[in-house]
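Read in order, the letters of the sequence shown correspond to residues 13 to 332 in this note's numbering. Remarks on the structure that follows.
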Amino acid sequence: MLETSARLLRLLSLLQTRPDWSGAELAERLGVSARTVRRDIERLRDLDYPVHSTRGVAGYRLGAGAALPPLLLDDEEAVAVAVGLRTAAAGVSGIEEASLGALAKLEQVLPTRLRRRVNAVQASTLPVPGDGPGPRVDPAVLAVLAAACRDRERLQVAYRDHHGAAGRRAVEPYRLVSWGRRWYLVAWDLDREGWRILRVDRVEPATVTPTGLRFTPRELPEGGDLAAYVSRRVSAAAWRYHARVRVHAPAERVRRRVPAAAGRVEAVDEGTCLLHTGADTLETLAVYLGMLGADFEVGEPPELVTHLRALADRYRRATT
């Protein structure tokens with residue numbers, strides 16, 4: 013099956029190189045019999061590729077779309093690629109235009125039957141409005157960072173911190189993480205001798221310089237779960253209020269209720285744990301704590317203690 017698919021791709025490529033081919037020429041180029049060429053031509057036609065027979069000497073010509081690269085996808089693969097490109101265009105800042113361009117090319121090269129299915133997915137799908145587009149990321153920067161992660165190659169980059177101050181960073185890059193409509197690079201900072209999470213949109217594109225120096229991988233934080241590491245660190249950095257809560261429930265039970273991005277759970281004993289969490293508003297924190305399904309004591313911040321007391325009085329009045 014793989015041999016046949018590869019031969020069909022090569023046959024399509026040959027048909028694109030010039031307007032007309034004889035069956036004998038195609039057979040010679042492919043190293044097969046003329047009968048096999050005829051069967052392969054029929055397979056292409058079954059896939060809705062417009063291969064026309066020419067008059068006179070037995071030959072073939074590729075119809076509309078001859079200038080496009082060959083692509084053989086089944087129904088499920090075509091829809092999966094189209095959905096992936098559409099999702100990228102809607103949800104990842106910085107590559108929307110490239111994603112839509114690739115999707116347009118995919119539609120042109122697909123046979124009519126598959127093009128109809130892809131168009132149906134597009135026409136029938138609506139994204140849920142989010143919090144607006146995220147910061148733009150240069151796809152070329154993503155490619156260089158990804159290659160450095162793969163090759164374990166040290167990088168020199170110019171980076172702007174959250175205050176806007178620019179500086180040079182010498183880093184060992186490990187993983188790119190896409191979270192919250194932003195791209196992050198998890199890297200070991202050689203100057204600060206510690207793990208850092210760099211926002212890719214704050215990396216100056218012209219300054220991403222591979223050094224050619226390889227590095228030996230270090231032990232990763234969070235036991236290697238860098239997605240959880242990024243989500244927890246990034247969300248915590250953005251919180252306005254940070255809370256320390258003693259929960260009267262086993263740590264494992266609380267961890268099942270608290271996503272990694274929402275807080276960190278420390279076991280105290282078999283029936284008690286400490287929850288380090290936070291949010292932008294006291295109202296949000298109160299809702300999270302109310303959903304724990306267990307008794308708890310708030311140690312800090314004092315604003316949260318005051319807010320919970322006011323809520324308790326309000327709920328008490330509501331039930332008398």
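Even for Gly, the Cβ is constructed at its ideal location relative to N, Cα and C. Fair warning: this is a prediction, and the values are worked out from it, not measured in the lab.
At least 7 Å separates the beta-carbon of V212 from that of W191. In the DSSP annotation of this structure, the continuous segment of the beta strand (DSSP E) that includes A279 starts and ends at G275 to D281. If you compare the alpha carbons of G224, E295 and M303 with that of T318, the shortest gap goes to E295. When the five nearest sequence neighbours on each side are left out, the beta carbons in the same chain lying within less than 6 Å of the beta carbon of L115 are those of L97, in order along the chain. When DSSP assignments are scanned along the region 210-293, the uninterrupted stretches of beta strand (DSSP E) that are 3 or more residues long and fall wholly within it turn out to be 221-226, 253-259, 275-281 and 284-291. Exposed is the label assigned to E89, since fewer than 16 other Cβ atoms lie within 10 Å of its Cβ. The shortest CA-to-CA distance from S243 to any of G43, T289, A177 and A170 is the one to T289.
In the three-state reduction of the DSSP assignment, H175 falls in the coil class, being assigned neither a helical nor a strand state.
In this structure, the straight-line span from the alpha carbon of L24 to that of R47 is close to 17 Å. Partner residues in the beta bridge of E312, as assigned by DSSP, are R256. Inter-residue distance for A291 and R22 is about 57 Å (C-alpha atoms, whole angstroms). By DSSP's assignment, A199 forms a beta bridge with P185 and R208. Per the C-alpha coordinates, the member of P313, R41, G236 and R187 positioned closest to D163 is R187. When the beta-carbon positions are compared, A279 and A263 come within less than 7 Å of each other.
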